[in-house]
Every structure is written in C-alpha cells, then in structure tokens.
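Numbering (the UniProt record's numbering), first residue to last: 1 to 843. Note that CB positions come from ideal geometry on N, CA and C, so glycine has one too.
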C-alpha cells in the first residue's frame, strides 16, 4: 500500500474520533546556507480523543521520534506515517521530532540557490497535502486548529509565517559560524494544515499600508534581491489595497488574518497560493523583467484578487474534504474577475475570462476523464489532479450563471450568511446552497443537480425560422449518457453590419432548457447578420451558429469587446471540434492583427499555432505555418515597437520559427532587432531547434545576465538542438533536477522539428511510466509523463485509432487496469487528444 496516499475514508475516521486543539511547530533551517539536504522540526500536537482509535500522524521525512503524554514511544515509521499507540478518550499531547528533506520540486519546503549571487531562498507550498513534508501533522482540511509557529534561521534573513512576528531571540551559530535567531509568531486563527506557511531567505522587502474601513492593515511585499529592480510595487500594492477595500463589504466580514504579506518566489508550481496573511506568488508569472503586455498585468491583478478572496472562501471557511475543492477555487476564480472589473483599472476581466479561461474549461470538459464540478475525490492523488479547468474555470462560469439566476444582491447576501454561520470552520456545498436559498427564496437543489453533478458541454444550436431564431440545447452527459437539460439564463443579441463592423442592434433575455424561439423583433429583425446566444457570457455552453451568422462572424469585426471575445472563443471551439479549418481561423485572426485586447490577441495566436501544429499534417501543415509566419512578420512591422501587439507577434514569430528552419534569416533579423532578454531566448531557441546555433553561442547569451530565468531558458535552448535527444533523455530520467529545469529539458526534447525521432529516442515509454510514477514525486512524475507522451502524425491509409502510438496507449490501459487512477488519467487524456488531433488531420 502507498501510505503517502491518504484516503477520504481514513481522514473521515480520524476527524470523527479526535479534534486538534493546538499545534506547536518549531522548524530549524539554520543549516540551509551550508546546502545540507535536511532540516529538523518538532511538532507538539494537543488532541482531544472522543473514542478509542488506532491512527497515525502524517510525516514524509527521513527520521521521526515520538512521545505520547511525555513518555517516549518506539514509533513505527514508514517514511510517510508515524503510527500511534491506541489512544483512549481524553486529552493527549503528541510530540514528534522529525528530520525532513529540502525539496527542489516545489512540494513541501523548497530550497533555491540564486545563480547570480549565490543566495539561498526557502519557501513552502503545501496544497493539497505537502505540509507533512515539513512538519508532522494530521494532513486533512477538516482538522483545523491554532498553529503556534517558530522558525530558527540565519539572523540576516527575512523570516515570515502566517502571523505577525511576536518574539526574536539569538541562538547558537550554525556550523559555518553564521549568527542565527529563533523567531516566534503570534498564534494563527483556526486553519487547516495546508494553509500554514514558512518563508526564510534574504528576500528584499517593500512595505506599505492599506487604509480600510476596519483600520490600517500592514502590507509586506517580498522578492529575491536580484529581481528587486523589476518589482512593480505601485501596481501590485494598488491592486492589493483595492481588494482589501472591496471584499470585506462584499462578504460582510472584516479581513480576518491581521497583516497581509505577498511573497514572490522562484520555481513555483502554481500561480499563487492563499496562505492566510502570507500569500506566495510565482515570480516567473508575475515579476516582469522585460516587455510585458497589459494582459499579463491584468492576469496578475486577477491572481492577487483570487488569492485574497480565499482569505474568506477557503481559509476562513474551508471545505471538509477535497470533493469540495471546486467550491473554494471556483468561487475565487469568479471573485478574481468580479473584483478586477469592479475595483481595479483592469475592467476587462470578464472579457478576458470569456476569451481565455473558458477555453481551458471547455477543453478539460471534453476529455474522457471529465468529472462533475462536484467531483468524487477518494484520495490525495486524485485531489492533486483535481486542480483543473473544471474545478476553476467551469466552476466559475457556472457560479456566474448562478449569480444571474438568483441576482447579484441576493447572491452576496447568501454568501454573507454562509460566512457568518461557518467562521473559522469547515462547510459543505449544501451549507452554501442553504444560505443562498435563504437569501434568494429559490429552491436551488434542482439547479445544483443539473449544473454541479453532470458532466460535459452542451451546445446551443441556432436556427432561423419564420417566427424567429430557434435556440435548442443539445448535448449528452458523458458519464451518465443522459441528455443535458441545464437551465440557462442568457442574453441573445442580433448584430448587423454597419460601417465595417458588426454592431449590436437589439438583445433579448431568455431562459433556455430545451428549446425556445426568440421573436425576430426582439433581436433586430430577420435580416440580422449575426445571432449570438450568450452574448454577455453569463453561461457555460458552446454555440452552433447558423450559416449566415458563421459567415458574418468569420469575415467581419465586432465592435463590442465582450461579444468579440465570446465569438472568438466559439470559433476556436469549432476548430478544436474539427468543424472549422485551421486556415479559416487563421484568416479570421489575421483580420485584426492589432487587436486592442492583448489577452484575446494572445489567445488567438496561440490557438492558431496549436491548430496548425496538431490538427494539420505534412505539406499542409508546413504551408499553413509558413503563411502564418508571413502574417506575423507583417503584423509585427505594423505594430508600434514595444506595444502589446508587437510583443505578441514577436513571440509568435519565435514559436513558429522553431518549426520552420528555412525562415532562419527572418529569425536572425528579428533577433538583431530585439533587446528584450526573454524574447531573445525565444528566438535563439527557435534557431537552436534547426541547428543554426551551437552551444557556444547559447553559452555566450547566458553569460550576459545569468539570472535564474536565463539558466532555465539556456537549458531549454540546449536541449532543443538536433542530436541531443538521447543526452537530454538521460538527464530527464537519471538526474536529480528541479521542477523548472525538468520542464525546460522536456520542452527542448519535444521540439517539433525532432518529433519524428520520438519513438526511437523513447521506445519504451509505456514500460517506463509506472516506474516513473513510483520513484518520482507526483509533481515531477506528472511533468515527465505528460511531456514525453509520444504524439505522432496520421499515417497514410491508417485510421486514427490504429495509429501505432494510440494503439500502444490502448494496450497499456488494457494491461494496467490496477495502475494508480491518477496515472491512468494522464494516459487517457493524452490518448484522447492524440486521437482528436489525428481525426482533425484526416479531415
């Protein structure tokens, strides 16, 4: 049995038998500068046992010593669990002294050494269940308690946790003679284990305050010293203050966690994490050292507000188990966009959501492993893979539909009631529905059954009839096989071509479940050029346009930003489903090369490149890529230097250039005109893929700056060169690599120009994957197995299902029925996309 994989039933048995009343953590990282691999930690856990139980404390480490009520116990420790003697009802103190290991995978206590100045930085990332990699605990969200945290570390470091620093004292120097201190923090409010945070290292600090209705909140912003010059304090702090002045009023509850720190950390697996009072962010995503588009800054603002909303929904009130992961993530996804549009300069948040995030949801929901929004999460491995497009983006889209269904005022009234009843506690979906029913006066259980417990995407089909536009919902639940009958409250609009643009002439709100006819006079008459259901993106669906509307959408510009985003997303879905040729979509994108929305332009260009790379084959692919390369060149020349379109089209050139070696002269010209470091690496990588640059030239580029990001880009470029695949593969499978370095090598290994070598370079992929899953952490295993999946083109005269790689995946799935469900999910999803690609190529 894999004892790292805690099950829901095991967690339920523990929470029924005991409660944790207090947890004291003493973490010692004083030896980190000496680059040791381990640290020491002591957990003192006070519990109240309700009924006799034989259980365990979770701890993934190398050593553990146990005492119960002050008496030493010889523990049975298997590297993941410290087994306890049978506990009788009453109060007990458990003391576990442990030795843990530093991580380079972004799981647990991650250690990073800055290649520029040699400084060491530590941070933690625990969701869903990696706190046990740092301190012994009961690793489940419903055993909340007050955490009393102290950290011993070098005195010159920044040392942070969830609470405000309460006391600092000098302790013995470490083995190198470095002066060290022990910092104690005020106890936390009741919170879950995965929300504790430990930060230590020579982070550069920026300080500010937020003046709010509840008073002044201290703000801290932190990043590595070598990135401090690029830190956009004004924008980041402004958005943080705006959120802290917006959410308390919406939620009817003051900010509950005291200070508010934001720490930007390296080699982060996520965008950000909502640790109460100590939020961590990915520096790669949100500190921009060169050209960055407004879309990137808007995404950063959205993420800041997403994590801040978690201070209430997720931290203050927490799901009981990971089945309701969606409840906090969908809510935060919704609130991030809502607050961005309401309180910040980035008012285009819902436009960006409709154009980009919904694409993630729709793609995930069409996989064979799709699941209801309320997912069945039997264990922690399943929880780790539930952070997907359904949990985040589909859930947020459905919440937006719920707000439209009950009304925004009543929605937030219900949310305020929910928080009032479940302060610092755990709650379920039913608790939220009860509160919303109370505030709205509506029975929401049927609504929840149709939206939250079904799978798949439904399509609204548009037909022109004599009476009006007929809208019909079609679709099948991919799990139950039953027709989808979700209730949609949507706006239907008619658009007419005026002065070169499709202009909205009239709109009509309808409730749709099966079929409804919208009278012509309500949407501008039967001569409207475009009929657009879901014009305001208030629901989650696909659209099957009538022929006239499709032709109008493809060949004309739309003036309304949200409508334009909705149409753009629907046209891409048609490409994805094989209903629209990639070339037609590329021509559609080329009609607006200087589109004002950086988010939508980025989404469109990336979609074109994905379609050409995977949905076309042979000469047709090469011709289409070459044509789009010309479009990108011309668009870049039209754009103002340094503008968002200029940046986006330069990135596009670099991406396509890596697939077209005969365009190297254009890449060289672009490279010579480019000073931005990140763009230069993209262009150099394109040249490396065709063998046009050698290692010496790449080394020289690295020598110019040598930042952590440059080291990663250099690895990617080196691995992109022809003739390096076996060397790269040996590194991937046999060398200890950090998460970012591993991904860089995978990116290089899978360059399009070398994809034909995949089967000979990795002939035993399906023989290796179970061993990879068993020997690597789940984070690294997923990156390897997703990244190295063999993805060959359609073979002439062969059905997609008979493709050799598809058949190998099918054979493995047939033989490996007992393989971990999370591993099988990867292969099922990768095979499904491969078949989709081959079918589109066949068309």
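| Item | Value |
| --- | --- |
| Residues near residue 82 in its chain [Cβ-Cβ closer than 7 Å; skip 5 each side] | 56, 57, 59, 64, 66, 75, 96 and 136 |
| Of the listed residues 556, 592, 581 and 534, nearest to residue 562 (C-alpha basis) | 534 |
| Cβ separation of residue 698 and residue 659, assumed to be a contact under 8 Å, to the nearest whole Å | At roughly 19 Å, the Cβ-Cβ gap does not stay under 8 Å, so residue 698 and residue 659 are not in contact. |
| The stretch 391-406 touching the stretch 359-368, judged by at least three CB pairs closer than 8 Å | yes |
| Residue closest to residue 351, alpha-carbon to alpha-carbon, out of 295, 789 and 398 | 295 |
| Close Cβ partners of residue 672 (< 7 Å) along its chain, the five nearest in sequence each way excluded | none |
| Proximity of residue 273 and residue 463 at Cβ, strictly below 8 Å | no |
| Limits of the unbroken alpha helix (DSSP H) element including residue 678 | 677-689 |
| Whole-angstrom C-beta distance between residue 765 and residue 830, which should lie under 8 Å | Residue 830 to residue 765, Cβ: 11 Å. No contact. |
| Rounded separation between residue 11 and residue 140 - CA only | 6 Å |
| Status (buried if at least 16 other CB within 10 Å, exposed otherwise) for residue 685 | buried |
| Beta carbon of residue 278 nearer than 8 Å to that of residue 419 | no |
| Nonlocal neighbours in the same chain, by C-beta distance under 8 Å from residue 514, ignoring five residues either side | 472, 473 and 485 |
| Element boundaries [beta strand (DSSP E), containing residue 165] | 165-171 |
| Pick from 502, 594 and 822 that is closest to residue 638, judged by C-alpha positions | 594 |
| Residues bridged to residue 92 [DSSP beta-bridge criterion] | 47 |
| Cβ pair count under 8 Å reaching 3, the stretch 170-190 against the stretch 207-216 | no |
| Endpoints, the beta strand (DSSP E) within which residue 185 is located | 180-185 |
| Helix, strand or coil at residue 137 [DSSP, three-state] | strand |
| Three-state secondary structure assigned by DSSP to residue 542 | strand |
| Within the stretch 62-88, ranges of the beta strand (DSSP E) (whole runs, at least 3 residues) | 63-68, 71-73 and 81-83 |
| Residue 758 burial status per 10 Å Cβ neighbour count (16 or more: buried) | Note that residue 758 has pLDDT 49, beneath the 50 cutoff, so the model's placement of it is unreliable and the number below is only indicative. So residue 758 counts as buried. |
| For residue 313, the residue or residues it bridges with in DSSP | 317 |
| Inter-residue CB distance, residue 200 and residue 151 (contact presumed, cutoff 8 Å) | 6 Å |
| Same chain only: Cβ atoms within 8 Å of residue 219, ignoring 5 sequence neighbours per side | 207, 208, 209, 210, 237, 240, 241, 259, 260, 261 and 262 |
| Cβ pair count under 8 Å reaching 3, the stretch 489-505 against the stretch 554-561 | yes |
| Coil, strand or helix - residue 605 by DSSP | helix |
| C-beta atoms of residue 317 and residue 456 nearer than 8 Å | no |
| Pick from 516, 492, 498 and 520 that is closest to residue 507, judged by C-alpha positions | 492 |
| Which of helix, strand or coil DSSP assigns to residue 160 | strand |
| Under 8 Å between C-beta atoms of residue 398 and residue 451 | yes |
| Close beta carbons around residue 760, own chain, < 6 Å, minus the five adjacent residues each side | In this predicted model, residue 760 has a pLDDT of only 48, less than 50, meaning its place in the structure is not dependable; the value taken from the coordinates is given anyway. Excluding positions up to five away in sequence, the list is empty. |
| Residue of 643, 159 and 90 minimising C-alpha distance to residue 168 | 159 |
| Exposed unless 16 or more other CB atoms sit within 10 angstroms - verdict on residue 786 | exposed |
| Any beta strand (DSSP E) of 3 or more consecutive residues that is wholly inside the stretch 485-525 | 488-498, 501-512 and 515-519 |
| Where residue 791 sits in the DSSP three-state scheme | coil |
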